[in-house]
Amino acid sequence: MSGFIEGLDRTQVALLPECLDDFIAQDNPVRVVEAFVAELDLVKLEFAGATPAVTGRPSYDPAVLLKIYIYGYLNRVQSSRRLERECQRNLELMWLTGRLAPDFKTIADFRRDNGQGIRKVCRRFVELCRELKLFSQALVAIDGSKFKAVNSRDRNFSMGKIDKRQEQIEQNVQRYLDALETADRTQPPEVEAKTQRLKGKIEWLRQQMRQLDDMKQQLGAQPDGQLSLTDADARSMSSRGKATGVVGYNVQAAVDAQHHLIVTHEVTNIGNDRAQLSPVAQEAKKAMGKGTLEAVADRGYYSGQQIKDCNDAGITVTLPKPLTSGARAEGRFDKADFIYIASDNEYRCPAGQRAIHRFSRVEGGLLMHRYWSSACGQCPMKEQCTPSKHRRISRWEHEAVLEAVQQRLDRNPDAMKVRKRTVEHVFGTLKHWMGSTHFLTRKLANVGTEMSLHVLAYNIKRVMGILGIEQLIAAMRLMRA
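When we follow the working numbering, the leftmost residue of the sequence shown carries the number 2, and every step to the right adds one.
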């Protein structure tokens, strides 16, 4: 006896062989994947190959490949090659697929060819959460985060980057020419290695210069002035949390404040959030099936027209206004120091004078009203107010909507804390799962599909933690019945 717990003899033959189901416990998460996919109508969800062909070699059932991907993303295995290996050795995947082991090309093609279907599956799970009454609070937090694309910073170009690179190349060429001239004067004629090496470097740099000239012509056809060579849809975006930018995508998400489930998401290659508030909020309202909705966001989403669109759609938004006032930065009175009197359609300035309506005009597609007081010239507080002849105040025709947002924020100063604890850890969790490379696929459509799989896996894990595995499986079977 060895004194240790001993394993079974590898050559031992069992009289009654064990079946795969014996190795999968009833509370194993893989059973949730099986129950969820069994509840889906893949034909209605428009999966390619959901209806088998009458003739020819049979293909894999899309349900099998979908199970493989959901299992993979639940267990942080996103690569098609790694999934192929797991199908051949992983008992849980063997149980899930019936011991089928598709090759990596079949697995990868399924994700590429069924982007719309996978997004609909993600939305279907959100509908399931709604049917399970997990969205009892009509409150979401909206935020965006930059995720890295396959494209590196060195493979992303703008006109400024090309000009800077060409300037560096010209300096290097001149340095090598000077070294070549020195070598011609000082080195013996029989030693040609250094001269040839310098000439080769000069020719390589000049070839790079010609390539950069070609890129400048290609940049002229790009509407946003950027060119990415590895992933054409990836864009360089500034990142608030880092000193340098990120070449990637801007992922928008609305997360419910009660259970921190991702209600809706969208992948864009626009580097800012200014135009995202209304589309994301309205999609979240639709997904949650609510007549009204409250949404909290950070100041990066502040846009008068977006806030007005949300208000018209029955969505109450709370977010702070950006601190962009030049007057405040220079120590003068800000617009917030002027009190609007709606009954008289005029402002009262800090000195107590009336700033009356003077004229209205359209600026940037918005109807703006202008106000000022005739008493500015004799005002003792003029130096604290404006260096101009009059302090002019602009008011949007729907300014009352923006004022209501500020009033809500004043009444609920903890709204930004709710936003932070609701949505920011979600992005942190997803990036941790995805690893340092974040996205593995290229092009906006494929990246959107990949993000939907991550969101689906995240939501499934959350609901398993909220309800428990056996209760979730029972709810899925009940709804299917």
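Backbone N, C-alpha and C fix where the C-beta goes; we use that ideal spot for every residue, glycine too.
Sequence-distant residues of the same chain with beta carbon closer than 8 angstroms to residue i, five excluded per side
i, result
"F339", "Y348, R349, C350, P351, A356 and I394"
"N447", "R112, R113 and G116"
"L220", "F158, S159, M160, I163, G226, Q227 and L228"
"P321", "D299, R300, Y303, L410 and M417"
"D104", "E85"
"L262", "V127, C130, L135, F136, V256, N460, R463 and V464"
"V133", "Just to set this straight, residue 133 is Leu in the shown sequence, not Val. Excluding residues within five positions, the ones whose Cβ falls inside 8 angstroms are V464, L468 and A476."
Classification of residue i by the beta-carbon crowding that lies within 10 angstroms, buried from 16 upward
i, result
"A139", "buried"
"E7", "exposed"
"P63", "buried"
"D28", "exposed"
"K149", "buried"
"W205", "exposed"
"N152", "buried"
"L66", "buried"
"V456", "buried"
"K147", "buried"
"E331", "exposed"
"S344", "exposed"
"M2", "Note that M2 scores a pLDDT of 49, beneath 50, so its modelled location is shaky; the value from the coordinates is reported in the next line. Result: exposed."
"R100", "exposed"
"F5", "exposed"
"Q212", "exposed"
"V55", "exposed"
"R11", "exposed"
Residue i in three-state terms, based on DSSP
i, result
"M2", "With a pLDDT of 49 at M2, under the threshold of 50, the modelled position of that residue is not reliable, and the figure given next carries that caveat. M2 falls in the coil class under three-state DSSP."
"G249", "strand"
"E398", "coil"
"Q219", "helix"
"A180", "helix"
"M369", "strand"
"N312", "helix"
"F111", "helix"
"G145", "strand"
"A282", "helix"
"T430", "helix"
"M452", "helix"
"F158", "strand"
"D214", "helix"
"S361", "strand"
"M238", "strand"
"E128", "helix"
"Q227", "strand"
"V151", "coil"
"R333", "coil"
"A416", "helix"
"L75", "helix"
"E40", "coil"
"E384", "helix"
"R11", "coil"
"A255", "strand"
Supposed close pair residue i, residue j - CB separation, criterion 8 angstroms
i, j, result
"T107", "R443", "Between R443 and T107 the Cβ distance is about 19 angstroms, and since that is not below 8 angstroms, they are no contact."
"L294", "V427", "No, L294 and V427 are not in contact; Cβ-Cβ is about 18 angstroms, not under 8 angstroms."
"L486", "L199", "Coverage of the chain is limited to positions 2 through 482, which leaves residue 486 absent and any answer about it impossible."
"I308", "A36", "42 angstroms between Cβ atoms; not a contact."
"Q277", "G365", "Their Cβ separation, rounded to whole angstroms, is 19 angstroms, which puts Q277 and G365 out of contact at 8 angstroms."
"W434", "R82", "Actually they do not touch by this definition, with Cβ atoms about 18 angstroms apart."
"V268", "L445", "7 angstroms"
"C386", "Q354", "Actually they are not in contact, since the Cβ atoms of C386 and Q354 sit about 10 angstroms apart, beyond 8 angstroms."
Same chain, Cβ closer than 6 angstroms to residue i, five either side skipped, listed in chain order
i, result
"S326", "D335"
"I69", "L84"
"S453", "I119, R120 and C123"
"A282", "A296, C311 and I316"
"V247", "K147, K149, M238 and S240"
"A328", "D335"
"R154", "V248"
"G50", "S60 and P63"
Same chain, Cβ closer than 7 angstroms to residue i, five either side skipped, listed in chain order
i, result
"Q209", "I170"
"K383", "C377"
"V31", "I25, Y72, E93, W96 and L97"
"H260", "L135, R463 and I467"
"Q89", "A102"
"Q13", "none"
CB contact check: residue i to chain D, cutoff 7 angstroms
i, result
"P381", "The chain labelled as chain D is not found in the depicted structure, where only one protein chain is given."
Residue i: CB within 6 angstroms of a non-hydrogen atom of the ligand GDP
i, result
"F136", "As presented, the structure is devoid of all ligands, the ligand GDP included, so that no description of it is given."
Touch check for the region 361 to 368 and the region 389 to 404: three-plus C-beta pairs under 8 angstroms?
yes
When you compare the region 164 to 180 with the region 275 to 286, are there three or more beta-carbon pairs, one atom per stretch, that lie closer than 8 angstroms?
no
Answer yes if the region 461 to 480 comes into contact with the region 95 to 106, meaning at least three C-beta pairs across the two stretches below 8 angstroms, and no otherwise.
no
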